[in-house]
Structures are given as C-alpha cells and as structure tokens.
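Written out below as structure tokens is the structure these notes cover.
Written as structure tokens, this is what we have:
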C-alpha cells in the first residue's frame, strides 16, 4: 500500500514559499497501474518525486509498502531506491561518460554481490532489446534507446514500485508505444506497481485508474475499468 496523509509541499525561495501540494491525502494499492494527469505546474512531478524520496515533504506522512518515506534520511532513501523503488526520469538521467551497461549497473552496486551485478544488468538490457548496445555511451544512442537504458536501470532492481515521469514525452509515437509496452509488461509479469505522470490522455487511459491533480490537490480519481 502507498499512503499519503495530509501531505504539504511548497517551493521555497529567499523571500517566500509557493504551495505545490496542499494537504493531499491518497491511497494506492500495491500492484496498481496508475496515471497521474493534470496541467503543467499542478504538482504531478512533485508528487512523483515525493513518492520516490527525491524530495521531502514540508508536512504530512508518506508510506510506501510500510516504509515511512517522510522520516528517512538520504542514505536510507538511497538504499530504498536500490531495491524497492525504480524511477524513470523524463530526461533519462544517464551518466554521459558511462556505457549503457555501466549506467544500468549503478543502482545494483550498493546491494548486490559484485559477481551478480554485471549479469543482472545485461539481463535487464536484453529485456529491452539492447543486448548489442552494452558498450555504447549515451551519445551513441538514439532517444528511444536512451529511454530503454533508463528503463533497464529501473527494472534491474526488480522494484516493487516503478515511477515514470512523462516516459514518452521526448519520444516519437512509435518508440513511445514500445516503451509503454515494456513498462506494462513489467507491471503484468511481476505485479509491479506502475505509476506514470503523463499529459497524454491516450496513455493515461491505458492505466487502471487516473488521478487528476489540479492546484496541488487531487480533483478526480477515475477507475478506467468501469468505462
């Protein structure tokens, strides 16, 4: 279960604070496939970052599979992301000087015995069809291939929860369909909780439920299975 209880988050400047999320409470069952939608600036990506422990709440509580995200220090959050929470960034966030294989190995290094790291990373890259790109740097890969490396990196830890911020936002429609297929395959095959932030209504409609965020609050929770 993912639980948010009265979560508040503001963007702080030197002179004031701009509210982003306002007293937000939400429950998401593990194993769900959720799309988070809403206009730019509504708080979608901030919500995703809070779930992944990349940002901290100003007030409130967040629990992911029983773990109190809101109470964890940076080291504990990094450990959590190394075995339970996978994150796919909109702009890929690959190390430019590391190969595809090395990028995928990164989250495995803290928790996995060294002899298993390379094998697991290669398997993840094979799952996304990049077994012949292991030694390529990001600059040698297309946008779609870079996104697949990012997905392989998130998949390599076999996460309970997979968070994806606009996973098709920088891709052409054909490549985007391939990427979404990979994410949905992981969800269906492993029971991974899949939470996607998207502006694309067609992509959102593929999820089991849509959470609409507006002005820092959840306005609508729609069950797409009842359509």
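Residue numbers (our numbering): 1235 to 1461.
Every residue, glycine too, gets a C-beta built ideally from N, C-alpha and C.
Q. Under the three-state reduction of DSSP, which class applies to residue 1240: helix, strand or coil?
A. Residue 1240 falls in the strand class under three-state DSSP.
Residue range of the alpha helix (DSSP H) that includes residue 1309
Here the alpha helix (DSSP H) through residue 1309 covers 1308 to 1315.
Own chain partners of residue 1424 with C-beta closer than 8 Å, once the 5 adjacent residues on each side are dropped:
Around residue 1424: 1392.
**Asked** What is the DSSP secondary structure of residue 1506, counted as helix, strand or coil?
**Response** Residue 1506 is absent from the model: the chain starts at 1235 and stops at 1461.
Can you list, in chain order, the residues of its chain with a C-beta nearer than 7 Å to that of residue 1370? Leave out the 5 residues immediately preceding and following it. Once the five neighbours on either side are set aside, the close Cβ partners of residue 1370 are 1333, 1334.
**Prompt:** When we look at the beta-carbon of residue 1374 and count the other beta-carbons within 10 Å, is it buried (16 or more) or exposed?
**Reply:** When all chains shown are included, residue 1374 counts as exposed.
Exercise for review: Give the single residue among 1381, 1455, 1441 whose Cα lies nearest to the Cα of residue 1406.
Suggested key: Nearest to residue 1406 by alpha-carbon distance, out of 1381, 1455, 1441, is 1381.
Suppose contacts are defined by Cβ-Cβ distances below 8 Å. Is residue 1286 in contact with residue 1397 by that definition? Against a cut-off of 8 Å, the Cβ pair of residue 1397 and residue 1286 comes out as a contact.
> The beta strand (DSSP E) spanning residue 1448 covers which residue range?
Replying inline: It spans 1443 to 1448 - the beta strand (DSSP E) in which residue 1448 sits, taken as one unbroken run.
(Q) Report the CB separation of residue 1399 from residue 1431 in whole angstroms; it is logged as a contact under 8 Å. (A) Sure, about 5 Å apart at Cβ, within 8 Å.
Measuring straight from C-alpha to C-alpha, what distance separates residue 1404 and residue 1413?
Taking the straight line joining both Cα atoms gives about 11 Å.
Next on the checklist: Just list the residues that DSSP pairs residue 1320 with in beta bridges.
Outcome noted: Paired residue(s): 1396.
_According to DSSP, is residue 1362 part of a helix, a strand, or is it coil?_
In the displayed model, residue 1362 falls within coil according to three-state DSSP, outside both helix and strand.
With a threshold of 8 Å, are at least 3 pairs of Cβ atoms found where one atom belongs to the stretch 1250 to 1257 and the other to the stretch 1276 to 1296? Under the 8 Å Cβ criterion, the stretch 1250 to 1257 counts as touching the stretch 1276 to 1296, having at least three qualifying pairs.
Can you name the start and end residues of the alpha helix (DSSP H) that residue 1409 belongs to?
Run containing residue 1409: 1407 to 1424, per the alpha helix (DSSP H) assignment.
Practice problem: Within its chain, find whatever has a CB closer than 8 Å to the CB of residue 1314; leave out the 5 residues flanking it on each side and keep chain order. | Solution: 1287, 1298, 1301, 1303, 1306.
*By Cβ distance below 8 Å, which residues in the same chain neighbour residue 1323 in space, the five residues on each side in sequence not counted?*
Within the same chain, residue 1323 has close Cβ partners 1384, 1399.
message: By alpha-carbon positions, which one of 1456, 1284, 1260 ends up nearest to residue 1244?
response: For residue 1244, the closest C-alpha among the options 1456, 1284, 1260 is that of 1284.
**Message:** Suppose you measure from the CA of residue 1237 to the CA of residue 1444; what does that come to, to the nearest Å?
**Reply:** Rounded to whole angstroms, residue 1237 to residue 1444 spans 16 Å at the Cα level.
Original post:
Okay, do the stretch 1450 to 1458 and the stretch 1414 to 1421 touch, 3+ Cβ pairs below 8 Å being the bar?
Top reply: Note that the stretch 1450 to 1458 does not touch the stretch 1414 to 1421; fewer than 3 beta-carbon pairs, one per stretch, sit closer than 8 Å.
Taking the alpha carbon of residue 1292 as the point to measure from, which residue in 1241, 1368, 1340, 1268 has its own alpha carbon closest?
-> With distances taken between CA atoms, residue 1292 lies nearest to 1241 out of 1241, 1368, 1340, 1268.
- Among 1395, 1250, 1436, 1239, the one whose alpha carbon lies nearest that of residue 1296: Ranking 1395, 1250, 1436, 1239 by Cα distance to residue 1296 puts 1239 first.
query: Whose C-beta lies closer than 7 Å to the C-beta of residue 1266 among residues of the same chain, with five residues either side of it excluded?
result: Cβ within range, chain order: 1427, 1442, 1443.
| Buried or exposed (CB count within 10 angstroms, at least 16 for buried), residue 1402 | Burial of residue 1402 is indicated by the presence of at least 16 other C-beta atoms within 10 angstroms of its C-beta.
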